[in-house]
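Okay, structure coming up:
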């Protein structure tokens, strides 16, 4: 998934999450689950086994979140929103310091 597609997905969740039906929530959760692990891998590849404290906390949270199931504890939509928040934060941590390419 491209960065733009990922940003669009996160924006869609933030703007229209309350209007999503359960199949759409589950589909978006699965899409973010895969993207989140790709971001974790990218951070670990960039930083090795010693990511900065913020990145390490996000990597740990992403791994925990990926294994959680919302059953009973939280709603599937709340679970999806957590995925979106951690995914966006990891993406920002990964892109931090990279110069923008002029269009």
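Numbering (the numbering used here), first residue to last: 361 to 463. Positions of the beta carbon are idealized from the N, C-alpha and C atoms, including for glycine. For clarity, every value in this text was computed on a predicted model and none was experimentally measured.
Rounded to whole angstroms, residue 373 and residue 394 show a C-alpha spacing of 16 angstroms. Pairing residue 454 with residue 403 gives a Cβ-Cβ distance under 8 angstroms. The alpha-carbon separation between residue 381 and residue 399 amounts to approximately 27 angstroms. Residue 363 counts as exposed, since fewer than 16 other beta carbons sit within 10 angstroms of its beta carbon. Judged by DSSP secondary structure, residue 397 falls within the alpha helix (DSSP H) whose first and last residues are 382–407. Listed in chain order, the non-local C-beta contacts of residue 428 below 8 angstroms within the same chain comprise 439, local neighbours out to five positions each way being set aside. Excluding five sequence positions before and after residue 437, the CB atoms of its chain that fall closer than 8 angstroms to its own CB belong to 377, 378, 380 and 385, given in chain order.
Residue state for residue 428 is assigned as coil, using DSSP reduced to three classes.
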